[in-house]
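**Q** First, the structure itself, so that you have it in front of you.
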Amino acid sequence: QVLVVESGGGLVQAGGSLRLSCAASGGIYSNYVMGWFRQAPGKEREFVAVIPWSGGDTRYADSVKGRFTISRDNARATVYLQMNNLKPEDTAVYYCAAGYEIRNMNVWGKGTLVTVSS
Numbered sequence: 001q002v003l004v005v006e007s008g009g010g011l012v013q014a015g016g017s018l019r020l021s022c023a024a025s026g027g028i029y030s031n032y033v034m035g036w037f038r039q040a041p042g043k044e045r046e047f048v049a050v051i052p053w054s055g056g057d058t059r060y061a062d063s064v065k066g067r068f069t070i071s072r073d074n075a076r077a078t079v080y081l082q083m084n085n086l087k088p089e090d091t092a093v094y095y096c097a098a099g100y101e102i103r104n105m106n107v108w109g110k111g112t113l114v115t116v117s118s
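Just so we're aligned, residue 1 is where the sequence shown starts under the working numbering, counting upward by one.
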């Protein structure tokens, strides 16, 4: 059974940085993609970034392009989300997910809270 666990959330001031980690266990299929999503209070969950587990192009939501970077370390079975120049509107619970396609992710973590103060 594939599991993913997020970590690295916290409170940061606007303009600051955080790095989220997503540790996978149980074996990630080579043709999986790994994604980060977020859900702000009172809003629907939205896509943030995605990276193929076996390599390939990354993709980002327009709202985070140029500020966030998704990367992976296959040896550690971990995916990262480096978040720079954080804004109050980035405040959300951030979820890691895995699956064959971004629109149908079938493994989800429990999330990690990121709070950006102004």
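From the three backbone atoms N, C-alpha and C, an ideal C-beta is built for every residue, glycine too.
#1: Can you give the Cα-Cα distance for valine 79 and isoleucine 28, rounded to whole angstroms?
#2: Going by beta carbon distance, what residues of the same chain come within less than 6 Å of serine 25, once the five residues before and after it are set aside?
#3: According to DSSP, what are the bridge partners of glutamate 46?
#4: Isoleucine 102 by DSSP, collapsed to three states: which one?
#5: Beta-carbon within less than 6 Å of aspartate 90's beta-carbon, same chain only, minus the 5 sequence neighbours each way: which residues are those?
#6: Just the C-alpha distance for leucine 18 and proline 52, rounded to the nearest angstrom, thanks.
**A** Short version:
#1: The count along the sequence shown starts at 1 and reaches residue 79 at position 79. The count along the sequence shown starts at 1 and reaches residue 28 at position 28. If you take the alpha carbons of valine 79 and isoleucine 28, they lie about 11 Å apart.
#2: Here residue 25 refers to the residue found at position 25 of the sequence shown. The residues are Leu3.
#3: Here residue 46 is taken as the residue at index 46 of the sequence shown, counted from 1. Looking at the DSSP assignment, glutamate 46 forms a beta bridge with Arg38.
#4: As a working note, residue 102 is residue 102 in the sequence shown. Three-state DSSP puts isoleucine 102 in a helix.
#5: As a first step, residue 90 is located in the sequence shown; it is residue number 90 there, counting from the start. Cβ within range, chain order: Val116.
#6: As a working note, residue 18 is residue 18 in the sequence shown. As a working note, residue 52 is residue 52 in the sequence shown. Near 22 Å, if we compare the C-alpha coordinates of proline 52 and leucine 18.
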